[in-house]
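There are 2 protein chains.
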Amino acid sequence: MLNFSLLRTAVTPLVLASSVALGAISLQAQTVLPMMPLPAHATQGSGAFALDPGFQIDFEGYQEPRLERASQRFMVNLSRETGILHFPPATPMQHRFTIKTEGPSAPVQRLGEDESYHLQVSSDGVLLSAPNPLGIMHGLQSFLQLVKTTPQGFVVDAVVIDDKPRFPWRGLMLDSGRHFMPIETVHQTLDGMEAVKMNVFHWHLSEDQGFRVESKTYPLLTEKGSNGLYYTQAEVREVIQYARDRGIRVVPEFDMPGHASSWFVGYPNLASGKGPYHIQTTWGIFDPAMDPTRESTYEFLDKFIAEMTALFPDAYFHIGGDECNGKEWDANPRIQEYMRAHHLKDDAALQAYFTGRVQKLVTKQHKITVGWDEVLQPNTPKDVVIQSWRGPASLAQAAQRGYRGLLAAGYYIDLNEPASQHYAADPLGGAAAALTPEQQAHILGGEATMWSEFTTPEIVESRIWPRTAAIAERLWSPQETKDVDSMYQRLSIVSKELGYFGQTYQATSDKMLQRMVGNADDSSLKILASVVEPPKEYDREGLHDYDIYSPLNHLVDAVPPESNQAREFRNLAAQISSGEASPADMQKARQWLTMWRDNDAALQPILPNSALTMELVPVSHNLAAAATIGLEALDAIEKHHKVKQTTQQEELAKLKELEKPEAVLLNMIVPGVETLVIAKQQD
Amino acid sequence: MLNFSLLRTAVTPLVLASSVALGAISLQAQTVLPMMPLPAHATQGSGAFALDPGFQIDFEGYQEPRLERASQRFMVNLSRETGILHFPPATPMQHRFTIKTEGPSAPVQRLGEDESYHLQVSSDGVLLSAPNPLGIMHGLQSFLQLVKTTPQGFVVDAVVIDDKPRFPWRGLMLDSGRHFMPIETVHQTLDGMEAVKMNVFHWHLSEDQGFRVESKTYPLLTEKGSNGLYYTQAEVREVIQYARDRGIRVVPEFDMPGHASSWFVGYPNLASGKGPYHIQTTWGIFDPAMDPTRESTYEFLDKFIAEMTALFPDAYFHIGGDECNGKEWDANPRIQEYMRAHHLKDDAALQAYFTGRVQKLVTKQHKITVGWDEVLQPNTPKDVVIQSWRGPASLAQAAQRGYRGLLAAGYYIDLNEPASQHYAADPLGGAAAALTPEQQAHILGGEATMWSEFTTPEIVESRIWPRTAAIAERLWSPQETKDVDSMYQRLSIVSKELGYFGQTYQATSDKMLQRMVGNADDSSLKILASVVEPPKEYDREGLHDYDIYSPLNHLVDAVPPESNQAREFRNLAAQISSGEASPADMQKARQWLTMWRDNDAALQPILPNSALTMELVPVSHNLAAAATIGLEALDAIEKHHKVKQTTQQEELAKLKELEKPEAVLLNMIVPGVETLVIAKQQD
């Protein structure tokens with residue numbers, strides 16, 4: 192099954208020249224490869240490899256079944272990328288894709304293991320070599336990203352890549368607690384992570400809204416705390432195997448002492464209040480918290496941690512620790528008495544005491560504790576890893592104190608920020624830039640965090656991808672890799688590629704739009720959908736009431752967090768404003784603004800027919816209104832008309848109105864239109 | 192997990208009136224339901240059911256795990272259709288969706304089992320009842336098809352349906368021999384079949400190009416005859432279970448004595464020639480055939496059939512029998528001598544002798560033989576079922592002689608014919624219409640046949656769906672259901688629904704087009720793709736050389752067999768020609784023709800950049816050329832210009848040229864343009 196043809200082709204300079212123009216997206220060949228993350232070192236050569244049926248992979252050196260599975264996946268993905276099926280060649284072929292592995296990787300993937308690889312592509316052959324299978328898996332992904340279509344068929348241009356990651360911990364956290372994510376979704380997420388060389392799957396498995404892993408010791412955790420939505424231990428083992436096959440560690444998180452309501456439904460004695468407890472059905476921070484003052488709590492956690500550390504082989508074990516509001520502690524006289532007796536001066540001290548006890552239970556199982564910012568207290572043992580949601584300053588402080596840390600702040604992909612914003616966040620940026628090299632070495636990397644209040648299995652893909660690829664690049668590529676335009680160009684390519692590698696978010700978004708209008712024509716809804724975005728940060732919660740039952744099937748859920756077209760329009764407006772726009776730019780801006788203005792007339796008749804679209808009546812109106820202002824500005828700029836300052840101010844005031852969320856959606860052409868209005872010459 | 196809310200809503204008459212207008216597609220409500228296949232009897236009521244989170248299914252009467260699984264699938268599909276996740280309701284709800292099953296169905300699904308159901312939807316509740324689980328499964332699919340979006344949310348209008356199929360054998364044949372279809376593809380095919388109430392999966396498992404089922408008795412069948420592409424017995428059992436869960440029987444076909452090259456690679460003694468044998472790598476009819484004259488052949492087949500009839504529990508067993516050219520028999524003196532000695536006058540007689548022997552082996556296992564037309568010979572036993580690829584006349588003759596039969600002719604979905612053509616083929620049409628009722632009762636139904644010379648796992652979905660839904664309707668719905676416009680309207684709806692129920696052909700086609708142009712903008716390629724079609728019947732084989740290695744990743748593979756836009760344009764042209772076109776019709780025709788004409792300028796610059804698009808240079812030119820003629824004709828018609836007969840003839844001659852296949856593609860706007868040219872007034 193490992194057959195595919197890499198037929199050597201004579202590639203003329205002319206062909207090569209034409210093949211580097213990637214159609215609509217033209218990268219500076221010889222400098223930027225169409226890869227994400229960009230490799231540490233690459234030298235482009237001349238000539239190219241042609242892909243044809245019959246291609247075979249030849250293994251040298253160390254071999255194991257995981258490598259075979261990796262190359263089989265590679266074959267499937269190559270076939271999806273090219274449409275070329277692989278068959279055994281009719282006659283034995285010279286092997287020209289050689290995988291050379293020096294030795295095994297650790298039986299349980301370790302933090303900081305060598306992930307480097309060497310990939311050499313020429314018209315004569317491909318050599319992929321690495322110290323262990325981890326590098327081979329990364330190199331295969333690089334090769335897949337380099338495949339391109341040319342007049343001679345699918346080829347990979349000659350290149351020599353020597354690559355290794357900047358940070359050893361490149362994670363994605365998935366919150367299976369708030370909205371349960373089925374095993375297929377987890378698999379799909381791991382597939383995407385493999386494509387962009389991420390190596391830690393941080394699995395957030397318990398929350399106020401649900402406890403998601405079968406415990407044989409404490410079966411009521413899921414029987415009463417999961418609504419029937421949980422992973423069996425067999426499924427967990429399958430996920431771990433699936434992840435290991437992709438060079439990904441699985442770090443489980445069981446959040447305590449807060450965010451733990453679901454534990455208490457079956458085991459109320461763990462809690463600090465009177466109960467009865469129920470699974471939370473809304474979002475936010477809740478009062479229920481574990482009781483740090485009773486030995487029974489630690490006896491429970493001892494057995495629980497023993498069971499879970501046996502299930503999850505990774506050396507790291509995440510105990511959460513975030514956002515415990517302490518209200519149950521404050522309200523419980525017995526706990527207050529305990530605090531006095533033990534000189535625990537406040538809730539933070541009580542939590543520190545709890546964390547210390549739990550950390551010992553983790554250490555007893557020969558595991559290392561990871562926790563959110565709050566676990567860092569004066570006496571926290573030095574091997575605890577701090578995951579910082581508070582920000583780089585907090586992380587730098589921890590590193591100064593000798594703690595290892597991970598950056599999560601800046602990578603909260605649930606907050607619907609643009610990829611450029613995540614791309615700008617650097618674990619060694621801000622305060623960390625001033626750390627000594629030794630202190631900097633304590634910063635292990637970072638994690639994109641996919642909290643799931645507003646994410647269902649249907650839409651989680653579009654929340655993770657493609658933006659997380661920009662985070663993956665930040666964590667893998669050299670620090671100086673930070674050209675935002677290049678990032679967006681390559682992000683657009685990788686987004687298409689993820690479609691070949693099993694992600695379906697583009698198709699899902701289309702289906703959701705179609706569903707909203709029933710059997711009506713959805714083309715005018717698509718035009719609207721292309722330039723609206725969900726609210727940023729935590730704004731959504733303030734705009735509408737949501738709970739776990741709220742269907743996430745509205746336009747805000749169907750559109751990606753970032754509108755590419757709106758971003759391009761902003762760039763266009765900036766170009767026009769700077770006076771450097773070409774006639775083609777002006778024409779494109781006019782075409783788009785005209786389309787947005789005229790779309791309202793086509794869209795309004797169908798909006799009242801569906802409960803999911805009727806709320807869009809003002810959204811569509813507002814798009815047309817903003818586009819109308821933009822067209823007037825464009826006219827004035829083109830004809831060098833001078834406008835009254837008052838008119839301009841009125842327009843900007845109107846745009847401020849149009850910028851406000853409507854139907855929980857942001858009209859993203861407004862900033863570009865503002866730029867045009869400001870660019871008009873004043874009277 | 193069986194929770195979803197069916198909240199009663201007060202639906203006002205106004206709402207009902209607006210909700211029957213299905214957006215762009217407006218069906219005559221009260222007469223045609225948005226279902227496919229249409230039910231035998233339906234009475235529409237007033238009011239409607241609203242779907243909300245918390246809905247629960249309540250079982251009455253007979254219960255079995257298969258029913259639970261069916262309702263869980265139903266819930267998942269309902270959720271995909273609406274975006275509403277199901278959670279257990281916070282408080283126990285009144286059960287308003289009741290499934291009432293009288294008793295079990297047969298342990299192995301039988302031909303002719305009762306598949307009827309009664310579905311009653313009102314604002315007060317839903318009752319789905321049936322004699323056995325088969326009807327329940329069909330009824331659940333009907334409910335899913337009735338879900339629609341309204342200003343009040345997702346609802347199902349009140350209706351009473353009493354439904355049962357017209358024919359007991361409603362099959363789909365999948366050829367896993369020529370191109371292997373992975374197990375996931377088989378599952379997906381079964382999912383689609385369930386959605387349109389088909390009940391026989393005819394699995395074509397051996398071909399000249401591959402033997403596809405593990406045999407423990409004869410392991411060389413797959414070891415040497417499959418290129419490693421075959422189903423294990425465990426996988427086969429899983430497919431049978433998967434099919435049974437969907438009310439679908441699995442009838443295996445092992446084609447013999449011809450189409451059997453792959454058997455002989457491992458077992459050359461089965462063959463009539465000298466060998467050595469190899470898997471065929473091209474398409475067509477090949478000479479290798481089993482040797483009907485040696486007892487060892489029957490000893491082999493006896494054990495083989497014993498093994499396979501044990502693996503496949505269905506009462507029917509298909510032995511193929513088609514297209515044996517007899518050349519190996521003619522060339523083998525020993526066989527010729529045997530024929531003389533046994534008074535077998537020709538190859539047909541020898542094949543009849545072989546079929547008779549094999550049929551006895553099948554009977555020995557208490558199974559009934561099915562075979563293609565050729566198995567019907569003077570002495571064929573009366574219980575053999577004839578599957579007719581030759582046509583209705585052949586089927587009618589068989590029925591007259593007392594044989595039961597299935598229609599396949601007319602349902603060859605690999606030939607890229609329009610759905611309307613398949614829809615017109617009726618198992619009881621043509622010669623069969625003149626049969627007596629008893630003879631007609633011998634005609635069990637029909638099968639869509641998905642031969643796979645030009646079909647890979649990637650594109651097979653788009654070859655099967657949505658057109659097979661029209662065949663499913665032909666085989667299920669009353670004979671008088673034959674309005675083609677209504678069929679196409681509902682086919683468009685069911686095609687969208689299949690997207691919710693797991694079919695991905697629309698997204699796949701998009702991805703294939705994107706792949707063809709690399710990272711260039713694919714919008715102008717999409718415009719071209721919307722109006723071209725693959726060649727019909729067996730024309731493709733004459734236009735290019737193909738073998739099993741040929742990548743099926745060209746435009747001909749990416750586009751659906753039938754262009755909806757071209758069909759709509761033909762209808763528009765006919766309307767204009769008849770003088771009954773509205774100004775809106777004229778405008779639409781002009782917009783389309785202008786788009787097709789102007790598309791060439793946008794598309795040409797990118798076509799030379801990819802090996803997959805460079806062949807489209809003339810295709811795009813020809814579309815523009817045809818559109819230009821169409822626009823001139825439209826002008827002349829609108830302005831009542833008279834044209835010279837010679838000009839008209841020149842244009843028609845030019846159109847004849849443009850109608851010819853180019854890059855293995857048909858330009859499907861030509862017939863509509865011809866209609867416009869002919870409609871011009873002559874001088």
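From first to last, the protein sequence lines stand for chains E and H.
Take 192 as the starting number for the first sequence in the numbering used here and just add one per residue.
Take 192 as the starting number for the second sequence in the numbering used here and just add one per residue.
A virtual CB, placed ideally from N, CA and C, is assigned to each residue, including glycine.
N-terminal and C-terminal residue of the alpha helix (DSSP H) that Ile248(H) is part of: Per DSSP, Ile248(H) lies in no alpha helix (DSSP H); the unbroken beta strand (DSSP E) holding it starts and ends at His232 to Gly252.
Quick one, which residues of the stretch 639 to 652 of chain E are near chain H if we go by CB-CB under 8 angstroms, in chain order? When CB distances to chain H are screened at a threshold of 8 angstroms, the residues of the stretch 639 to 652 of chain E falling below it are Thr647 and Glu649, in chain order.
Alpha carbon to alpha carbon, what distance is there between Gln542(E) and Gln527(E)? One Cα belongs to Gln527(E), the other to Gln542(E), and the distance between them is close to 13 angstroms.
For Lys339(H), which residues does DSSP report across the bridge? By DSSP's assignment, Lys339(H) forms a beta bridge with Val346(H).
Quick one: is Pro228(H) buried, meaning 16 or more other Cβ sit within 10 Å of its Cβ, or exposed? The residue in question, Pro228(H), is buried, as its Cβ has 16 or more Cβ neighbours within 10 Å.
Selection of the stretch 256 to 274 of chain E by Cβ proximity to chain H, strictly under 9 angstroms: Those residues of the stretch 256 to 274 of chain E placed with their C-beta closer than 9 angstroms to a C-beta in chain H are Ser270, Arg271, Glu272, Thr273 and Gly274, ordered along the chain.
Which residue's Cα is closest to the Cα of Ala590(E): Ala599(E), Ile577(E), Leu396(E) and Arg761(E)? When each option's Cα is compared against that of Ala590(E), the closest is Ile577(E).
Which residues bound the beta strand (DSSP E) around Pro628(E)? Where Pro628(E) is concerned, there is no enclosing beta strand (DSSP E), although the alpha helix (DSSP H) it sits in stretches over Pro628 to Gln631.
Span of the beta strand (DSSP E) around Gln578(E): Gln578(E) -> beta strand (DSSP E) spans Val576 to Ser579.
With 7 angstroms as the threshold, decide whether the Cβ of Thr289(H) is near any Cβ in chain E. Interface criterion not met: the Cβ of Thr289(H) is under 7 angstroms from no Cβ in chain E.
Would you tell me roughly how many angstroms separate the C-alpha atoms of Val790(H) and Leu856(H), rounded to the nearest one? A quick correction: the sequence has Asn, not Val, at residue 790(H). Taken atom to atom, the span from the alpha-carbon of Asn790(H) to that of Leu856(H) is near 17 angstroms.
Shorter than 7 angstroms from the beta carbon of Asn744(E) to some beta carbon of chain H? Yes, its Cβ sits closer than 7 angstroms to a Cβ of chain H.
Residues sharing a beta bridge with Tyr422(H), DSSP: Answer is Val404(H).
Chain H contact residues for Gly344(E), given Cβ-Cβ distances below 7 angstroms: In chain order: Ala802.
Taking the alpha-carbon positions, what's the Ser314(H) to Ala792(H) distance? When only Cα atoms are considered, Ser314(H) and Ala792(H) end up about 56 angstroms apart.
With 7 angstroms as the threshold, decide whether the Cβ of Thr340(E) is near any Cβ in chain B. Looking for chain B here will not work: the only protein chains present are E and H.
For a test of the three-state rule: what should DSSP assign to Tyr740(H), helix, strand or coil? Note: Tyr740(H) maps to coil in three-state DSSP.
Inspect the CB distances between the stretch 343 to 352 of chain H and the stretch 288 to 300 of chain H and report whether three or more fall short of 8 angstroms. Using a C-beta cut-off of 8 angstroms, the stretch 343 to 352 of chain H makes no contact with the stretch 288 to 300 of chain H, since fewer than three inter-stretch Cβ pairs fall below that distance.
Across which residues does DSSP place Ile634(E) in a beta bridge pair? Answer by DSSP bridge pairing, in chain order: Gly596(E).
Since I believe Glu398(H) is in contact with Gly362(H) (beta carbons under 8 angstroms), could you give me their beta-carbon distance rounded to a whole number of angstroms? The Cβ separation is near 18 angstroms, so there is no contact.
Please report how far the alpha carbon of His812(H) lies from the alpha carbon of Ala818(H), in whole angstroms. CA-to-CA, the gap between His812(H) and Ala818(H) works out to about 10 angstroms.
Any residues in the stretch 697 to 711 of chain H with a beta carbon nearer than 8 angstroms to a beta carbon of chain E? Which ones, in chain order? Result list: Gln697, Ala698, Asp701, Lys702, Met703, Gln705, Arg706, Met707, Val708, Gly709, Asn710 and Ala711.
Since Gly690(H) meets chain E, which of its residues come closer than 7 angstroms, beta carbon to beta carbon? Chain E residues near Gly690(H): Lys702.
State the DSSP-derived secondary structure class of Leu619(H), mapped to helix, strand or coil. Annotated three-state conformation of Leu619(H) is coil, per DSSP.
Identify the contact partners of Ile684(E) in chain H, using a Cβ-Cβ distance below 8 angstroms as the criterion. The answer, in chain order, is Asn710.
Selection from Gly274(H), Thr672(H), Gly601(H) and Tyr737(H) that minimises the alpha carbon distance to Leu224(H): Measuring from the Cα of Leu224(H), the nearest candidate turns out to be Thr672(H).
In or out: Asp605(E) buried (at least 16 other Cβ within 10 Å) or exposed? Asp605(E) counts as buried, since no fewer than 16 other beta carbons sit within 10 angstroms of its beta carbon.
Name the chain H residues that come within less than 8 angstroms of Met805(E), Cβ to Cβ? Against chain H, a Cβ distance below 8 angstroms from Met805(E) picks out Pro342.
Is it the case that the stretch 554 to 564 of chain E contacts the stretch 505 to 525 of chain E, given that we only count it when at least three CB pairs across the two stretches are under 8 angstroms? The stretch 505 to 525 of chain E vs the stretch 554 to 564 of chain E: in contact.
Using 7 angstroms as the limit for Cβ to Cβ distance, is Tyr740(H) near chain E? Yes, Tyr740(H) counts as interfacial toward chain E.
Alpha carbon of Ser452(E) to alpha carbon of Val810(E), nearest angstrom: Between Ser452(E) and Val810(E), the C-alpha separation is close to 38 angstroms.
Expressed to the nearest angstrom, what Euclidean distance is found between the alpha-carbon atoms of Ile248(E) and Leu310(E)? Straight-line measurement puts the Cα of Leu310(E) at about 14 angstroms from the Cα of Ile248(E).
Give a yes or no on whether the minimum CB-CB distance between Pro244(H) and chain E is below 7 angstroms. Pro244(H) belongs to the set of residues whose beta carbon lies under 7 angstroms from a beta carbon in chain E.
Can you tell which of Val722(H), Tyr737(H), Asn858(H) and Glu638(H) has the C-alpha that lies nearest to the C-alpha of Val441(H)? Of Val722(H), Tyr737(H), Asn858(H) and Glu638(H), the residue nearest in Cα terms is Glu638(H).
In angstroms with no decimal places, state the Cα-to-Cα distance between Thr203(E) and Val312(E). Because Thr203(E) sits at a pLDDT of 29, beneath the cut-off of 50, its placement in the model cannot be relied upon, and the following sentence gives the value as read from the coordinates. Spanning the two alpha carbons is a distance of roughly 17 angstroms.
Just curious, the alpha helix (DSSP H) that Gly457(H) is in, first and last residue? From DSSP, the alpha helix (DSSP H) with Gly457(H) extends over Ser452 to Gly457.
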